[in-house]
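Given below as structure tokens:
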């Protein structure tokens, strides 16, 4: 990212897209599945805030949306009860204050990302804060998932 850390141009935090196939012809790709209340709302959020590329919109009758963000795939779909391949599992939207996992995005210029993504509608829990060898902050998506945004610093861990 050229320029100063306070640069807030939307162009300064664009995510480069490469061609990652889903499913892959060789090897593996990792996709993160999110259970959401509204597929279209979530797809628009990841497209607008992070420059994600919506590859399939899905629908609320069972077809998920597929979104590519940099080298990561997101699959978003509404929740539901057990199915033959997961007979004891129910998928539901999380309680926003009790979570067990979150996505982590590593960036080169956290201040530029913070300013740009906030201008695109991202709701940050706090401003970027230095902690444990990095500066980080968290975004809450429309369903309450949190997304850590972090930039490594010169600090030592501990």
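Numbering (the working numbering), first residue to last: 284 to 441. Where a beta carbon is used, it is the ideal one built from N, C-alpha and C, also for glycine. Model, not experiment: these values are computed from the prediction.
(message) Which residue marks the beginning of the beta strand (DSSP E) containing residue 273, and which one marks its end?
(response) The structure shown has nothing for residue 273, since the chain only spans 284 to 441.
(request) Could you check if residue 357 is buried or exposed, using at least 16 other CB atoms within 10 Å of its CB as the buried criterion? (result) Within 10 angstroms of the beta-carbon of residue 357 lie 16 or more other beta-carbons, which makes it buried.
(message) Within 10 Å of its beta-carbon, does residue 409 have 16 or more other beta-carbons around it, so buried, or fewer, so exposed?
(response) By the neighbour-count criterion, in which a residue is buried when 16 or more other Cβ atoms sit within 10 angstroms of its Cβ, residue 409 is exposed.
(request) Given a cut-off of 8 angstroms, decide if residue 325 and residue 425 are closer than it, judged by their beta-carbon atoms. (result) Cβ distance < 8 angstroms, so residue 425 and residue 325 count as in contact.
(request) Over the uninterrupted beta strand (DSSP E) stretch that includes residue 372, give me the two end residues. (result) If you look at residue 372, you'll find it isn't in any beta strand (DSSP E); DSSP assigns it neither H nor E.
(message) Rounding to the nearest angstrom, what Cα-Cα distance links residue 412 and residue 320 in this structure?
(response) Between residue 412 and residue 320, the C-alpha separation is close to 30 angstroms.
(message) Tell me the rounded alpha-carbon separation between residue 391 and residue 434.
(response) Between the alpha carbons of residue 391 and residue 434 lies a gap of roughly 6 angstroms.
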